[in-house]
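Here's the structure we're looking at; comments come further down.
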Amino acid sequence: MGISFFGIRHHGPGSAANVRDSLNALRPDVILLEGPVEATPLLEWVMHEDMQPPVAILAYVPGDLNKALFFPFAEFSPEWQAILYARKNNIPLRFMDLPIAHKLALKNEEQPQAQNQETTLNNTGYDPFSKLANIAGFQDAEKWWEHQFENRIDSLGVFDAIDEAVSALRMDRLIPDEWEEKCREAWMRKTIRETQKEMFAEIAVICGAWHVPALKAEIKAKDDNEVLKGLPKVKVDCTWVPWSYRRLSFESGYGAGINSPGWYHHLWHHHDPDGIRWLSSVAAIFRKQNIDISSAHIIEAVRLSNTLASMRGLSMPGLEEHNEAIVSTMCMGDEILMSVIRDELIVSPRLGSVPKDSPKPPLQLDIDAHLKKLRIPLSESPKELNLDLREERDLEKSIFIHRLKLLGINWGYTHYVGTRGTFKEAWTLQWDPQFSIDIVDKGIWGNTLLEACTNYTIDMAQHESSISKIAESLNEVLLSDLLTAGHGLMKRIEDLSANNSDVIQLMNTVPMLVNALKYGNVRNTDKTFLKKITDAIISRVCICIPASAISIDEDSSQNLVESMFGFNTSLNLLTENEYENDWINALMSLSNGDATAPVVSGYACRLLYDLRELQSDQVGKYLSRALSISRDYNHAALWLEGFLRGSGTVLLVDRELWEIVNGWMAEIEEQHFVYVLPLLRRTFSRYETPERRKLGEMAKNGSKALHVKMDNKVDQIAGDASMEILLKLFKME
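Residue 46 is where the sequence shown starts when you use this note's numbering, and the numbers rise one by one after that.
Set out below in structure tokens:
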């Protein structure tokens with residue numbers, strides 16, 4: 046009975062090739078592989094035609110997604126090659142690492158004091174191989190490993206060399222084993238013993254290089270059992286999920302990662318010792334970016350990278366040598382251009398895929414079915430998607446993406462399309478493999494996307510106390526065609542309205558609702574549902590708006606006026622405005638409220654005048670009162686700004702109102718006039734040029750109050766100065 050140990054680096058083309066070649070030479074009867082025990086049943090899907098690395102095993106605790114681990118695989122991962130060998134040759138392969146059920150439970154357990162004196166390799170960022178790298182003249186352990194093991198042409202003696210090196214490092218105790226590492230190695234030794242009892246002729250053990258000396262050590266079974274005794278445990282589920290090269294980083298379940306997966310993908314697929322193929326790919330990327338790259342650039346880059354490798358005593362140029370050559374010959378010394386190469390080649394946006402019928406949570410299966418039906422490809426690079434909502438399939442795509450957004454899965458964002466119509470929708474989509482765990486997390490709300498969105502949205506609203514946030518969700522609910530969720534949100538808004546004065550967001554939803562109610566929309570939203578929501582929101586606005594305008598700052602009052610403008614415009618669109626009386630009563634309260642923000646009070650008065658609820662003489666009384674309150678010019682200017690908002694026609698056609706405003710401005714003392722001038726300038730700057738011109742002409746030709754009276758005499762100089770200011774105000778110079 047023989048047992049062979051292969052110490053590997055978890056992601057590397059050299060290690061993967063060495064494992065593949067060694068297994069072909071050894072022809073073992075069983076393979077023990079470092080990996081999550083619970084995931085062993087998932088191995089049957091590895092040979093499926095839809096299984097395309099990079100992929101990952103997701104191990105998680107149902108109901109507590111904070112406890113989850115990913116175990117990623119690329120084509121050039123030694124573990125993946127071992128799995129492929131086992132499946133192709135029909136021999137058993139077993140994961141032998143400490144079960145995730147124990148590993149995740151240990152995260153919250155107090156570890157034995159004596160075993161927790163040092164932090165782990167991953168937490169400190171210290172690499173024990175850096176000592177060997179420094180001895181060999183390398184400052185970077187990653188580069189040392191690459192040139193010593195990943196770039197080797199043959200695997201002869203490589204695993205013995207790794208074993209010897211790691212044994213020396215562990216004897217030096219550069220990093221004392223922590224408690225979890227002791228548990229893992231004890232479990233792996235236990236698995237090896239159990240496998241040996243099955244009398245296999247040849248056993249291949251493949252694990253991280255750091256563990257090999259510990260697994261070969263003569264440690265008694267009872268000692269390992271003592272270490273493993275009483276380990277905590279949690280329930281764990283496992284599934285396959287797509288992964289990407291960008292996510293192939295140090296946050297994996299293996300605690301190992303690489304910075305250049307695209308480069309390693311290239312090395313795995315191509316024997317390219319001098320870098321001609323790689324540098325040609327770089328040139329192709331630059332040409333796509335309209336950067337002039339000739340064959341001469343490629344030739345010079347190849348010569349330079351190989352020269353650098355020779356000067357550094359390397360058998361072949363590595364990524365560092367190629368990058369330096371690219372910067373010098375193709376980028377003319379400008380390293381900024383290298384960002385394109387890093388994204389497209391060195392890292393690569395490659396995204397894997399898993400079989401549609403592999404074990405998955407029900408919600409994931411439903412989302413996959415939608416993706417297949419709608420033919421929306423997943424990509425980790427930003428992709429543009431332009432939708433015409435008049436087309437049934439495009440409308441379904443829009444609803445699908447909006448529903449994912451409601452679940453907190455922000456696959457994409459919308460942006461301006463460049464058309465005035467409402468039937469166009471443009472998205473930029475970018476898939477993140479991390480969404481897989483978000484989907485698992487949201488699976489508790491339902492087995493289908495429709496069910497999960499509805500239940501999740503209603504529950505979130507029940508725990509939300511901000512009307513504005515619920516109103517934002519309501520808008521997304523309408524875009525997602527979720528009628529049941531919409532009713533739930535409206536019920537929550539009604540419950541909160543009595544004690545909440547934040548109505549701006551509610552008012553901002555009304556234009557969309559009224560337009561859809563009056564003209565319909567491309568989403569074919571049910572009008573009965575829209576009518577019910579519109580009735581409820583408008584009623585709440587009319588009830589709550591008087592209180593919302595009391596004791597607020599200027600920015601808030603300006604925002605409220607802006608929302609009132611859109612709200613009032615929307616109500617005027619309705620042929621049978623059944624809400625008019627409620628709105629008029631609300632405006633009356635705003636106009637008469639002494640504590641109401643002045644700009645809001647003035648605008649409410651103006652709306653009442655436009656609605657013919659106030660006559661000129663009544664408006665004159667409001668205006669006179671507002672412009673004479675304790676000589677508070679700032680208050681008066683803000684009230685006037687609200688009253689004159691939108692159009693200055695009221696002053697052009699009503700001489701009485703003009704005289705009141707003109708007289709008030711003429712009587713303001715100079716030091717106060719300079720103070721309120723910015724407010725007045727802001728008020729009149731909103732008018733169209735013809736209106737400002739006519740108002741300026743009236744100020745110039747028709748007013749008798751343009752001169753300041755001093756000692757019962759007309760001060761011509763002061764009057765001329767006032768005229769100059771007014772002409773500047775109306776831009777009539």
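Where is the CB? At the ideal position from N, CA and C, for every residue including glycine.
Give a yes or no on contact between the stretch 315-328 and the stretch 126-141, applying the rule of three or more CB pairs nearer than 8 Å.
no
Which residues in the same chain as asparagine 36 place their Cβ atom closer than 8 Å to its Cβ, once the five residues preceding and following it in sequence are excluded?
Past the boundaries of the shown model lies residue 36; the chain is included only from 46 to 778, so the question cannot be answered.
Under three-state DSSP, which class holds glutamate 247?
strand
Taking the continuous beta strand (DSSP E) assigned at tyrosine 458, which residues delimit it?
457-460
What's the gap between the Cα of isoleucine 371 and the Cα of alanine 346?
6 Å
Which stretch, first to last residue, makes up the alpha helix (DSSP H) that contains proline 81?
Premise fails: proline 81 lies in the beta strand (DSSP E), 75-81, not in any alpha helix (DSSP H).
Taking aspartate 269 as the reference, give the member of Val279, Lys227 and Pro258 with the closest Cα.
Lys227
By DSSP, does isoleucine 48 sit in helix, in strand, or in coil?
strand
Note down, in chain order, each residue of its chain lying with its Cβ closer than 8 Å to the Cβ of asparagine 617, except the 5 sequence neighbours on either side.
none
I need the straight-line Cα distance from isoleucine 391 to alanine 206, nearest angstrom please.
29 Å
Report the residue from Asn179, Ala246, Gln193 and Pro258 whose alpha carbon sits nearest the alpha carbon of alanine 213.
Pro258
Does the Cβ-Cβ distance between proline 404 and threonine 493 come in under 8 Å?
no
For isoleucine 128 and leucine 114, the rounded distance between their alpha carbons:
20 Å
Since cysteine 252 sits in a beta bridge, which residues does DSSP pair it with?
Gly52
Consult DSSP for glutamine 603 and reduce its assignment to one of helix, strand or coil.
helix
With 16 other CB atoms within 10 Å as the buried threshold, where does asparagine 613 fall?
buried
Would a C-beta distance cut-off of 8 Å place valine 606 and valine 548 closer than the cut-off?
no
Is there contact between the stretch 438-449 and the stretch 386-401, where contact requires at least three CB pairs shorter than 8 Å?
no
How should glutamine 184 be labelled, buried or exposed, when 16 other C-beta atoms within 10 angstroms of its C-beta is the threshold for buried?
exposed
Looking at C-alpha atoms only, which residue of Leu382, Arg291, Tyr309 and Ile321 is the closest neighbour of lysine 333?
Leu382
According to DSSP, is methionine 609 part of a helix, a strand, or is it coil?
helix
What three-state label does DSSP hand tyrosine 792 in the structure shown?
A question about residue 792 goes unanswered here, because the residues of the chain that appear run from 46 up to 778.
Using the three-state DSSP reduction, which class does methionine 141 fall into: helix, strand or coil?
strand
Rounded Cβ spacing between asparagine 679 and glycine 611 (contact assumed at less than 8 Å):
Going by Cβ atoms, the distance from asparagine 679 to glycine 611 rounds to 27 Å, so no, they are not a contact pair.
Whole angstroms is fine: what's the gap from valine 100's alpha carbon to phenylalanine 174's?
28 Å
By alpha-carbon positions, which one of Ala104, Asp504, Ala682 and Ala249 ends up nearest to proline 406?
Ala104
Can at least three beta-carbon pairs, one atom from the stretch 527-543 and one from the stretch 504-515, be found at a separation below 8 Å?
yes
Lysine 417, DSSP secondary structure in three states
helix
Status (buried if at least 16 other CB within 10 Å, exposed otherwise) for histidine 460
exposed
Tell me whether proline 427 sits in a helix, a strand or coil according to DSSP, three-state version.
coil
Local conformation of glutamate 365 per DSSP, three classes
helix
Give me the residue from Val250, Phe118 and Asn196 with the minimum Cα distance to aspartate 208.
Val250
For the ligand SAM, any of its heavy atoms closer than 7 Å to the Cβ of alanine 266?
This structure lacks the ligand SAM, and indeed carries no ligand of any kind.
Please report the Cβ distance between glutamate 425 and leucine 449, rounded to the nearest whole angstrom; I am assuming they are in contact, meaning their Cβ atoms lie under 8 Å.
The Cβ separation is near 16 Å, so there is no contact.
Quick check: the stretch 636-652 against the stretch 574-585, are there 3 or more CB pairs under 8 Å?
no
Three-way DSSP call (helix, strand, coil) for asparagine 111 in this model
strand
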